[in-house]
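Engineer: I'd like to ask you about the structure that follows.
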């Protein structure tokens, strides 16, 4: 009968994995053979894996975020994960403001700290210039300067990791 | 620093790895064997896991698809899964065409078959009227008429299950 | 033309401005709080700068951080969007003093219109109709009656020092004025220590109708017609349409001309909106907004102009290049402000968008920064998108709105889409007969009060 | 008005028609093959009927199944969309004979225009410019020269019985005619057993420009301007724009008037498109399409009409209600046909849409039946959506197209979006100087041949 929508919109379709290159297909085929599985699904972008034996069923690949992005849409590289990871580092010194960072009190002077230096809490590590005012960035704990992550004179944004103290 | 998109758009998901993790597949295959499951799904990114045992034919997945539908958008009920399930029944008699179904050769006459009747292959079960032509629908195998699913005079669409022969 | 514009905003309006800049070949800098690192306006901009933690006062209202972001990204100009710092004359001043162009009106006009009393005075002098009143306190009953007679009934007797309804009385006749004068004065004395009262025309069932103006820096000024924003909940606009179903072509032209003349008189630049109450064929000035408005798309749809592009062009110093006679209005447009709120109680409910599918097809425009997987942060306004539809007639527009709302899929969180679907069944909306009070009564389930 | 319309199509055009019907308050019936049970046009229709298995000949081309579906769903009328049965005069006849209204031209006009020789003759008689030719075979060299002199050089010598380029020679001068006449005739004799050749004007770098017409059943006819569809790959249109960047206002008005006069002469009803080759200021009839076309949205964008709504209204018997003078063109529109193909090789690649996010904002329209999770079936056309942009000028339109393509996200499968992004960097496209051969050369990486 004609399906009135009061009774019969259809649930979504079953699906299988698709869109893989030949080598990948061959590799998966070989794995099927080797393991005696009847099915392997495999995801991309936000990882997914599914293996099955015997029956064939429908299962969703978890939704990947379809958000547009200037980078992605232009096919440009899209990862600075390592940089992001540092924000979770216990000794990370994050920028308290947007501005330009300086390693030394004035041009030509020695830097406040160098990698390897021991620092005390409250010791000035950098200056950040914002709106023509120099703001000191101080160490929050004692330790050794393990890494300095921004170059002298570089612009920094809020929360950007400037250095690691260990 | 200001994030130029040439160098630093933020990924929302881990980068795709085009290499299939063969070890993972082998590990999951071994788990299948060991546990007697027929299926393992596995995800990442806010985690996902699913195991299954025994065969399931069609799994309607809740909320997998964001497709608009007239029914859904009006908050109307949206499932006739039981009806759909019958299409996989081995004794299902599916309508070969769109039309109006008749149980009997003419108004007032006895129906071709009733539930419980034994039928032979080729035996007429129904007539379907399409474009003013009556087309017989015949049994494809011998068996007992287990269910008749459409009322006399009802419109039927292509592939709609008309009866079950067991 | 500008090479790079910093957008000091977030959400759909940041995206809206980015789109306009991109279409003009201008690079964009998005600023964002840490809560918005994954927001669409950040993803789609050419560059982004994190300017602070989630609270708006530390990020989107942090003028210093925004100016530092403009400095380190070498932006030429700053577009403030709406809300946040968009009507902050001090911010506009700082922007200019740091050598950036502020894409909006002059700081002086922002300041003038930000002072509601000075604004009313200036607009009155510039010929904008304001509500008739006694021009100061009335000393006694007889003076009150004289003033009320001159204004016409009903009038409202209000405490000069007042607010909140105390010392406020509606008088429908001379007798009422005589009866209520002393009561109002006594209430005012009791409440505010000042018994002085004044008299104004009382509007019972006004509509909110506003006029969009656009001016370049060379003396060219046009109006882009009217918008009807009478559907309000707690003084927040909920749905806007253009043109207003309540006024006709000649009223439109007349109030438009008055607006243009007034803008010329005060030397206004860039975009602005003059808001009026409208009742019984007359307009009464409320206030002027010296910025782009949320509801600007309905104007764009009927007059075929890109208002953000025009703002940028005019801020650069380009001439309008057209006159009032070139502005033509086509059809009708309606905008729904979709919010992350319970569609019955309007309680804000931020959450994660599980799936997202925007409506498409002829006459449908969606301005939204949502996407599947996006988490709506709890720190900011609950508006998550605007659905704008355009049709040859108001009826076609309503039918298209119904169709588009039915196609719009946002799962995983509550939105006000179902509210708008219900609204489309209300005769007062369909017939366009609503006033500014109607929606409040509709939502609370109460009957409108006596007219 | 019709109460229920059956849409005998699938994909974006079925959705397009559904949207128009819904906005007119008309119920819709979707038909579908078993492969399309989850398609958007099925999900969004009021009712759906499965009419057959995946192959189109058994479902979307199955006239009997479609008419049965119309009968069991009590539809009043059938809209055929484009492709499938839309230009099948027998189907139109069956539809009418079974008591349904066919939403399109009359069966006689469909049949006439389906016969390319009869169509050309009829159009010529109705005043439509056709390519100049010898009106039949030329018996010898001298006759060939006389004919060629009259037509003007270059001319093409073609086999009467021919096709596929054999027996076909381009002659740039009298000497060429004399040199090539015998060769062409001999080749024709060898290839087709018939040495007769005729002579036609040779177009070297033509554009494809077409005129949209619309007629009611009461004698009112308008043209809705032109579309330039010169960007073709293997005779398939790839991108269309309106108006053509190659013709001016007076050429447009002139060819439009010729089209309207011709349609009046043949008593045409509903929509139709007269396709021309255009070169050096002259139009030459190719064929007439008696249906809605894929590229109709660019016309809608610039003239503000809903063509599907107009088709339905006119089929019902409603008068147009406007005249040619009421039709005004605003700005410029471009349509990209997004296909599920490799963006370099154009190899069709059906697949599953992993995520989907359509571009939004001012001047952007998406007509697509895709959604996240949808599996594009391998049985039908590879077109999965149309991106249509409108702008005040062609340049604004191009900038907006670039912006919108950049926002369009379809993952999980290949689409031609990257192809269009590359196209936007090509001077021949940006400057609008392309002809019908340009895209083929661009894609194959070859230089255009000598002019």
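Chains as they are written, first to last, in this note's numbering: chain A, 311 to 476; chain B, 311 to 476; chain C, 1341 to 1791; chain D, 1341 to 1791. In this text, a Cβ means the ideal position worked out from N, Cα and C, and glycines have one as well.
Hey, does residue 468/A have any beta-carbon neighbour from chain C nearer than 8 Å?
Structural biologist: Closer than 8 Å: yes.
Engineer: For the structure I just gave you, are there three or more beta carbon pairs, one from the segment 1542-1555 of chain C and one from the segment 1567-1579 of chain C, closer than 8 Å?
Structural biologist: yes
Engineer: Which residue wins for smallest C-alpha separation from residue 1357/C, given the options 1526/C, 1710/C, 1593/C and 1651/C?
Structural biologist: 1651/C
Engineer: Can you give me, in chain order, the residues of the segment 422-442 of chain A that have a beta carbon less than 8 Å from any beta carbon in chain C?
Structural biologist: 440 and 441
Engineer: Would you say the segment 1586-1604 of chain D touches the segment 1618-1625 of chain D, given that touching needs at least three Cβ pairs under 8 Å?
Structural biologist: Per the Cβ contact rule, the segment 1586-1604 of chain D is in contact with the segment 1618-1625 of chain D (3 or more Cβ pairs under 8 Å).
Engineer: Please report the straight-line C-alpha distance between residue 435/B and residue 1703/C, rounded to a whole angstrom.
Structural biologist: Each residue's Cα considered, the two are about 51 Å apart.
Engineer: Can you give the Cα-Cα distance for residue 433/A and residue 1405/C, rounded to whole angstroms?
Structural biologist: 24 Å
Engineer: Spell out the partners DSSP gives residue 1552/C in its beta bridges.
Structural biologist: 1613/C
Engineer: Let me check one thing: in DSSP terms, what residues is residue 1589/D bridge-paired to?
Structural biologist: DSSP output for residue 1589/D lists no bridge partner at all.
Engineer: For residue 428/B, write down the residues that DSSP places opposite it in a beta bridge.
Structural biologist: 454/B
Engineer: Would you kindly check if the distance between the Cβ of residue 1677/C and the Cβ of residue 1723/C is under 8 Å?
Structural biologist: yes
Engineer: So which residues of chain D does residue 1341/C contact, with C-beta pairs closer than 7 Å?
Structural biologist: The premise fails here: residue 1341/C is roughly 12 Å from chain D at the closest Cβ pair, so nothing lies under 7 Å.
Engineer: Going by CA-CA distance only, name the one from 1497/D, 1645/D, 1446/D and 1395/D that's closest to residue 1718/D.
Structural biologist: 1395/D
Engineer: Which chain D residues sit within Cβ distance under 8 Å of residue 1708/C?
Structural biologist: 1700
Engineer: Quick one: what does DSSP say residue 1689/D is sitting in, helix, strand or coil?
Structural biologist: If DSSP states are grouped into helix, strand and coil, residue 1689/D belongs with coil.
Engineer: Which residues in chain A sit within 8 Å of residue 1749/C, going by Cβ to Cβ distance?
Structural biologist: None at all; the shortest Cβ gap to chain A is about 13 Å.
Engineer: Mapping the DSSP letters down to three states, classify residue 1761/C as helix, strand or coil.
Structural biologist: When secondary structure is reduced to three states using DSSP, residue 1761/C falls in the helix class.
Engineer: Measure the C-alpha to C-alpha separation of residue 1764/C and residue 1648/C and round it to an integer number of angstroms.
Structural biologist: In this structure, the alpha-carbon of residue 1764/C lies about 30 Å from that of residue 1648/C.
Engineer: Listing by chain order, which chain C residues have their CB less than 7 Å from the CB of residue 1543/D?
Structural biologist: Ordered by position in chain C, no residue passes the 7 Å Cβ test against residue 1543/D, which lies about 35 Å from the chain.
Engineer: What ranges does the alpha helix (DSSP H) occupy inside the segment 1487-1511 of chain D, keeping only unbroken runs of at least 4 residues that lie completely in it?
Structural biologist: Runs found: none.
Engineer: Let me make sure I understand the geometry here. Which of 1421/C, 1640/C and 1349/C has the alpha-carbon closest to that of residue 1629/C?
Structural biologist: Distances from the alpha-carbon of residue 1629/C to those of 1421/C, 1640/C and 1349/C put 1421/C closest.
Engineer: Check the Cβ-Cβ distances between residue 408/B and every residue of chain D, and say whether any is below 8 Å.
Structural biologist: Taking 8 Å as the CB threshold, residue 408/B lines the interface with chain D.
Engineer: Does residue 1416/D come out as helix, strand or coil in the three-state DSSP assignment?
Structural biologist: Assigned with DSSP and collapsed to three states, residue 1416/D falls in coil, not helix or strand.
Engineer: At least one CB of chain C closer than 8 Å to the CB of residue 446/A: is that the case?
Structural biologist: no
Engineer: I'd like to know if the segment 1398-1415 of chain C and the segment 414-434 of chain A are in contact, where contact means that at least 3 CB-CB pairs between them fall below 8 Å.
Structural biologist: no
Engineer: Using a cut-off of 7 Å between C-beta atoms, extract the partners of residue 1417/C located in chain A.
Structural biologist: Going along chain A, no residue has its Cβ under 7 Å from residue 1417/C, so there is no contact; the nearest lies around 18 Å.
Engineer: Could you tell me which chain D residues have their CB closer than 8 Å to the CB of residue 1640/C, listed as they occur along the chain?
Structural biologist: 1702
Engineer: Which one of 418/A, 398/A, 343/A and 451/A has the shortest CA to CA distance from residue 463/A?
Structural biologist: 418/A
Engineer: Take every Cβ of the segment 1534-1544 of chain C, pair it with every Cβ of the segment 1482-1497 of chain C, and state whether three or more of those distances are shorter than 8 Å.
Structural biologist: yes
Engineer: Less than 8 Å between CB atoms is the rule here; does residue 1407/C satisfy it with respect to chain A?
Structural biologist: Residue contact with chain A for residue 1407/C: present (Cβ-Cβ distance below 8 Å to some residue of chain A).
Engineer: How many Å lie between residue 1366/D and residue 1342/D at the Cα?
Structural biologist: 6 Å
Engineer: How long is the line joining the alpha carbons of residue 438/A and residue 408/A, rounded to whole angstroms?
Structural biologist: 8 Å
Engineer: Can you tell me the Cβ-Cβ gap for residue 261/B and residue 470/B, rounded? I've got them flagged as a contact below 8 Å.
Structural biologist: Outside the displayed range of chain B (311 to 476) lies residue 261/B, so it cannot be described from this structure.
Engineer: Compute the Euclidean distance between the alpha carbons of residue 1525/C and residue 1584/C, then round it to the nearest angstrom.
Structural biologist: 38 Å
Engineer: Could you tell me the distance, in whole angstroms, from the CA atom of residue 1792/D to the CA atom of residue 1473/D?
Structural biologist: The question about residue 1792/D has no answer here: the residues shown for chain D are numbered 1341 through 1791.
Engineer: Does the CB of residue 1390/D have a neighbour CB from chain B at under 8 Å?
Structural biologist: Judged by the 8 Å Cβ criterion, residue 1390/D is in contact with chain B.
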